[in-house]
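Residue numbers (full-length UniProt numbering): 1 to 147. Beta carbons: idealized from backbone N, C-alpha and C, even for Gly. Some notes on the structure that comes next.
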């Protein structure tokens with residue numbers, strides 16, 4: 001393996017981390033937009049209730065407002081729930097697709113680094129060598145002999 005291998009692996013890992021960070025930020029941005037739309041709808045509903053209250057001219061009209069508002073709110077909240085569910089599904093799908101793409105790019109970068117390293121070790125062999133100290137059962141640390 002050549003001397004460029006560690007820096008190339010570091011670059012591939014840093015790029016993967018940045019891609020995942022970008023995906024998380026985009027997902028958060030989509031959620032923020034969805035919540036802003038829902039909030040705007042709530043403001044419109046409250047404004048409508050205030051106007052209805054101001055336009056009521058007698059006690060009978062005032063007495064019917066709560067039931068009218070209740071049914072409108074129920075219908076509106078059902079729509080809000082559906083909108084949140086759709087936004088969540090869309091956001092999750094976009095995040096999963098982006099993550100899959102980022103991992104594929106990372107894997108290609110790492111494979112390219114090992115292919116260009118000039119050594120005979122493959123990526124799988126490297127991973128096996130790297131994880132061997134943690135997977136070997138009962139392996140004693142090298143260099144420390146018991147007396």
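Starting from residue 26 and walking both ways along the alpha helix (DSSP H), at which residues does that stretch end? 5 to 55
Apart from the five residues just before and just after residue 13, which ones in its own chain have a Cβ nearer than 8 Å to its Cβ? 106
Should the region 96 to 112 be called in touch with the region 31 to 42, which here means at least 3 C-beta pairs below 8 Å? no
Going by DSSP in three states, residue 139 sits in which element: helix, strand or coil? Any reading at residue 139 must be qualified, since the residue scores a pLDDT of 47, below 50, and its modelled position is unreliable; the value itself is stated next. Coil at residue 139, not helix or strand.
For residue 141, collect the residues of the same chain with a Cβ closer than 8 Å to its Cβ; drop the 5 residues on either side in sequence, then sort them by chain order. Here residue 141 scores only 48 on pLDDT, less than 50, and its place in the model is too uncertain to base an answer on.
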